[in-house]
Amino acid sequence: MLIPAETKGTSKRAVELLRDQIDSLEMLFPEASIQPVGVVANDVRQDGVSNEMIEWFDTVFGELVPVYELRKRVVLQRAQMAGRTIFEHDEECDMEGVFDDIAADLEGRAAE
Numbered sequence: 236m237l238i239p240a241e242t243k244g245t246s247k248r249a250v251e252l253l254r255d256q257i258d259s260l261e262m263l264f265p266e267a268s269i270q271p272v273g274v275v276a277n278d279v280r281q282d283g284v285s286n287e288m289i290e291w292f293d294t295v296f297g298e299l300v301p302v303y304e305l306r307k308r309v310v311l312q313r314a315q316m317a318g319r320t321i322f323e324h325d326e327e328c329d330m331e332g333v334f335d336d337i338a339a340d341l342e343g344r345a346a347e
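All the letters of the sequence shown, read from the start, carry residue numbers 236 to 347 under my numbering.
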């Protein structure tokens, strides 16, 4: 499971709720194991709140899975509003490499 999370204080509670839901699902389906494969920190800004949340994600997940940082970029919003991926969109974005890293990591895990 790839966990999307905004870099806001409310994400701490959202992650706690997600963990509770996973526990409930695993109790209902004991043969299933739901494991995180990464955390995607969205809308990362150059501010104290984002920095604090990145540190929190690293503390909670960092030793288990990678924490990917997607910085807030207007071009990402424009691509989404145009119904395109960042790779199809006609503007360059310095976050394309993060998406490449996520894809490579997921493909690597699938091959294991």
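Glycine included, every Cβ here is placed at the ideal spot set by N, Cα and C. Model, not experiment: these values are computed from the prediction.
CA-to-CA distance, residue j to residue i, given in whole angstroms
{"i": "S321", "j": "K247", "result": "Checking the displayed sequence, the identity of residue 321 turns out to be Ile instead of Ser. Roughly 28 Å between the two C-alpha positions."}
{"i": "G273", "j": "V295", "result": "11 Å"}
{"i": "R280", "j": "A345", "result": "31 Å"}
{"i": "V250", "j": "K307", "result": "21 Å"}
{"i": "E323", "j": "E347", "result": "29 Å"}
{"i": "L237", "j": "M316", "result": "23 Å"}
Limits of the unbroken beta strand (DSSP E) element including residue i
{"i": "A317", "result": "A317 -> no beta strand (DSSP E), and no H or E assigned at all."}
{"i": "V275", "result": "G273 to V279"}
{"i": "A240", "result": "L237 to E241"}
{"i": "E304", "result": "V302 to R306"}
Best match in the options for proximity to residue i [C-alpha to C-alpha]
{"i": "F334", "options": "R319, V275 and D325", "result": "V275"}
{"i": "M288", "options": "L305, E331, K243 and P265", "result": "K243"}
{"i": "D325", "options": "R313, D340 and G283", "result": "R313"}
{"i": "E241", "options": "N286, D340, A317 and A339", "result": "N286"}
Burial state of residue i (16 or more Cβ within 10 Å)
{"i": "T245", "result": "exposed"}
{"i": "L263", "result": "exposed"}
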